[in-house]
Each structure stands twice: as C-alpha cells, then as structure tokens.
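Q:
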DNA sequence: GCGAGGAGTTCGTCAAGTGAACTCAGCCAC
DNA sequence: GTGGCTGAGTTCACTTGACGAACTCCTCGC
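Chains as they are written, first to last, in the working numbering: chain A, 219 to 370; chain B, 219 to 370.
1. List, from N- to C-terminal side, the alpha helix (DSSP H) runs of 4 residues or more that fit wholly inside the stretch 287-335 of chain B.
2. Name the one or two DSSP bridge partners that residue 346 of chain A has.
3. At 7 Å on the CB atoms, spell out the chain A contacts of residue 296 of chain B, in chain order.
4. Report yes or no: is there a C-beta of chain A within less than 8 Å of the C-beta of residue 331 of chain B?
5. Can a CB atom of chain A be found closer than 8 Å to the CB of residue 257 of chain B?
6. With distances taken between CB atoms, is the gap from residue 255 of chain A to residue 300 of chain A smaller than 8 Å?
7. Apply the 10 Å Cβ neighbour rule to residue 238 of chain A and answer buried if 16 or more other Cβ atoms are within range, or exposed otherwise.
8. Hey, does residue 300 of chain B have any beta-carbon neighbour from chain A nearer than 8 Å?
9. Going by CA-CA distance only, name the one from A:332, A:264 and A:343 that's closest to residue 230 of chain B.
10. Of all Cβ atoms in chain B, is any one closer than 8 Å to the Cβ of residue 260 of chain A?
11. Using only CA atoms, which one of A:341, A:304, A:345 and A:337 lies nearest to residue 317 of chain A?
12. Spatial neighbours of residue 264 of chain A within its chain, please: C-beta separation below 8 Å, excluding the five flanking residues on both sides.
13. Answer with yes or no whether the minimum CB distance from residue 228 of chain A to chain B is below 8 Å.
14. Taking 8 Å as the CB-CB cut-off, is residue 245 of chain A touching chain B?
15. Give the DSSP-derived three-state secondary structure of residue 255 of chain A in the structure shown.
16. Closest by CA to residue 348 of chain B, which one among A:352, A:351, A:342 and A:305?
17. Check residue 221 of chain A in the structure and name its three-state DSSP category.
18. Going straight from the alpha carbon of residue 334 of chain B to that of residue 253 of chain B, what length do you get?
19. So what does residue 364 of chain B bridge to, in DSSP terms?
20. If we ignore side chains and look at the alpha-carbon of each, how far apart do residue 339 of chain B and residue 226 of chain A end up?
21. Assuming contact is defined by CB atoms lying nearer than 8 Å, are residue 320 of chain A and residue 234 of chain B in contact in what I supplied?
22. Inspect the beta-carbon positions of residue 337 of chain A and residue 357 of chain B and report whether they are closer than 8 Å.
23. In whole angstroms, what separates the C-alpha of residue 232 of chain A from that of residue 361 of chain A?
24. Taking CB distances under 8 Å as the criterion, tell me whether residue 313 of chain B reaches chain A.
25. Using a C-beta to C-beta distance shorter than 8 Å, which residues of chain A count as neighbours of residue 325 of chain B?
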C-alpha cells in the first residue's frame with residue numbers, strides 16, 4: 219500500500235490507544251474481566267497508586283467501557299462498583315491476543331501463568347485471524363491494507 | 219476463578235505491556251506492518267518526537283521485535299533500517315484486534331479508515347476467538363480462566 | 001460519640017514525553 | 001577541498017504524568 223498518503227490521524231489503532239493506551243488502563247480491564255468490580259480490589263490486585271486508579275476508572279467510565287453502579291452489601295453502606303459494558307467487553311480479544319503473545323515470548327519455560335478454557339468443552343481458547351470467506355489468515359503477509367477515502 | 223490468589227506479577231498481559239505498553243510502541247509496530255522501515259519515515263508518519271522514537275526503536279530492537287539491518291541506497295551512504303522479526307510479527311493479531319475495536323466504536327459513521335483484505339480472496343479479515351476443539355467463542359463469559367501453579 | 005474501612009484527594013517528588021535546536025557523518029555539486 | 005544537503009540522532013528546557021505516603025470524608029456498627 220501507499221503508506222505515505224494514508225491519513226494516520228484517523229487510524230483506529232491510534233484512536234483505541236488514546237482510550238486504553240495509558241498505563242494501567244488495560245490492566246484495569248484485565249481485572250474487570252476476571253470479575254473485579256470494587257475500587258479496593260482493583261487497588262489491591264494491581265498495586266497501582268490510588269490517584270492513578272481513580273483517574274483510569276474515571277476515564278474508562280467516561281469513555282463508556284465501564285459503568286459505575288451503586289450497590290449495597292448487607293451491613294455496609296452504599297458503594298459503587300465498576301462493571302464492564304459491551305464496549306469494554308469487546309476489548310476481550312485484544313487482551314487475549316496480548317496475553318497469547320506474552321505466553322509465547324515471555325512466560326518462563328513456556329508455561330502460561332493463566333490458561334483459558336472454553337466453558338463448554340474445556341479446550342484452550344485462542345485468537346485466530348480469519349477472512350469473511352472462512353480462510354485462515356496466517357499473518358500480515360496474507361493481508362492487503364486498503365485505506366478508505368475520507369468522506370467529504 | 220479465585221482472583222485473589224492468582225499471582226498477577228507473572229501475568230502475560232502485564233509482561234507484554236512492559237514491552238509494548240509505552241506510548242508510541244504499538245504505533246511504531248503499526249507502521250512497521252505497513253512497510254515503514256526507516257527512521258525518517260517513522261518520524262514523518264508518526265509525528266513522534268525524535269528522542270522518543272530513538273528510544274522506542276531501541277527498546278523494540280533490544281526486545282527482539284525489530285532488527286536493525288544496514289542497507290545502502292544507490293548514491294547514498296550506508297544507513298540502518300528496522301525490520302520486524304517473528305516476535306514482532308506475532309503481535310499482528312493484537313493490533314488487528316485493537317483496530318477492529320476502534321473501527322467499531324470510534325470511527326466516524328462506522329467507516330473504518332483502513333480495511334484489511336485477504337490477499338487470496340479479497341474478503342475482509344478479522345480476529346476470532348476459537349477453542350482448540352473448533353467451537354466459536356463469543357466472549358469472556360464463555361471462558362474459564364485457570365491459573366497455573368508456579369513451578370517450584 | 002467512636003473507631004473502622006472503603007473510596008477517594010492532596011502533595012512533594014521523580015520519571016517520561018514534547019518540540020526546538022544542535023550535532024555528526026557521508027555524499028554531491030562546484 | 002569547501003560548502004551544503006540529508007538522514008539519524010543527541011541535548012536541552014519545559015510540561016505532563018506516575019509514584020507513594022499522608023490526609024479527608026462519609027457511613028455503618030457499636
């Protein structure tokens with residue numbers, strides 16, 4: 219492709235990174251996918267500074283990846299918890315792809331620290347590139363990037 | 219799963235982010251996938267400050283995602299170019315997943331600024347979650363995360 | 001009223017990103 | 001050879017962001 223003429227400023231990767239590209243954002247989402255919902259639990263499991271966590275949770279809510287819903291445990295006062303929205307849940311494949319890469323290249327002795335099993339059958343889950351016609355796509359070389367003209 | 223006992227410090231997502239989680243890293247890789255190889259072109263297409271670019275290219279080389287190979291254009295002095303390694307190329311699904319998310323939630327009027335076609339058949343390419351038994355996995359709810367015990 | 005704990009906020013410090021200016025090396029024209 | 005051009009950095013002053021500890025506020029149970 220002609221990489222010199224494509225308008226990078228509209229790139230969806232750049233856009234996505236402007237939403238979840240800050241430090242801790244994707245890790246917050248990882249915790250959310252593991253079921254964490256409360257501020258104190260995010261803080262404990264991530265070890266991020268409170269101020270940063272407040273900020274990240276705030277922008278994730280603002281961007282619509284999490285919602286802040288009130289809840290009340292018995293014998294406690296009302297609090298808020300953070301839950302994934304559909305927009306947030308749709309980042310799951312991204313996280314899985316990142317994790318798979320880390321498992322391949324970073325895990326000690328190739329042992330993945332966390333295995334994902336299909337709930338129905340127990341088989342391990344992975345990401346795959348496919349085309350709409352059903353072919354398996356091996357990598358970037360099998361793909362032709364086609365920039366779309368900007369609507370006038 | 220019991221999210222309170224799993225050792226987050228070994229998480230492959232955190233590990234991967236420590237390699238490519240800094241600002242500009244994934245965008246540098248995006249350009250590399252689009253065929254950019256030279257410092258000046260990275261600089262021009264990304265608009266990142268030179269110092270940051272020097273640093274990011276350096277760490278990506280150091281981490282083995284890019285290699286720095288000398289080349290010489292006719293009539294010019296010898297220079298270096300940066301090429302993706304297998305380790306770098308394997309981040310392709312991650313970038314595609316991020317891009318797909320951005321296309322869905324950020325692109326104006328749902329028009330993806332860049333379409334990926336399967337080179338063989340022209341059909342659009344996307345990422346999918348599947349299990350080893352071949353089932354389609356819809357999302358996080360279909361997945362059971364199982365922490366692996368740390369080797370003693 | 002008192003203490004505890006969740007959920008932040010504030011603050012001083014330190015690291016990282018930013019843009020402009022400067023450097024350095026080789027090639028070319030003269 | 002001299003001077004200019006270009007690619008690839010480096011340096012610097014400045015601003016932004018991250019860090020950890022300390023502080024606040026609110027509410028519940030006692």
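All residues carry an ideal CB built from backbone N, CA and C; glycine is no exception.
A: Let me lay it out:
1. If one requires a minimum length of 4 residues, the alpha helix (DSSP H) runs lying completely within the stretch 287-335 of chain B are 304-307 and 310-323, in chain order.
2. B:346, per the DSSP bridge assignment.
3. In chain order: nothing, as chain A lies at least about 23 Å away.
4. For residue 331 of chain B, the nearest CB of chain A lies under 8 Å from its own CB, placing it at the interface with that chain.
5. It does not: the Cβ of residue 257 of chain B has no partner Cβ on chain A nearer than 8 Å.
6. The Cβ atoms of residue 255 of chain A and residue 300 of chain A lie closer than 8 Å to each other.
7. Classification for residue 238 of chain A: buried.
8. Not an interface residue.
9. Per the Cα distances, A:332.
10. Not flagged as an interface residue toward chain B: residue 260 of chain A, since no C-beta distance is shorter than 8 Å.
11. When only C-alpha atoms are compared, the closest one is A:345.
12. Excluding positions up to five away in sequence, the list reads 242, 245, 246, 249 and 271.
13. Residue 228 of chain A counts as touching chain B.
14. Cβ-Cβ to chain B under 8 Å: yes for residue 245 of chain A.
15. Correct three-state label for residue 255 of chain A: coil.
16. Looking at A:352, A:351, A:342 and A:305, the one whose alpha-carbon comes closest to that of residue 348 of chain B is A:342.
17. Confidence is the limiting factor: at residue 221 of chain A the pLDDT is only 48, short of 50, which leaves the residue's position unreliable and the question unanswerable from this model.
18. Approximately 14 Å between the Cα atoms of the pair.
19. Partner(s): A:333.
20. Near 26 Å, if we compare the C-alpha coordinates of residue 226 of chain A and residue 339 of chain B.
21. Closer than 8 Å, so yes.
22. Annotated as distal: residue 337 of chain A and residue 357 of chain B, with beta-carbon spacing of 8 Å or more.
23. Cα to Cα, the separation comes out at about 20 Å.
24. With 8 Å as the cut-off, residue 313 of chain B counts as an interface residue toward chain A.
25. Result: 228, 230 and 233.
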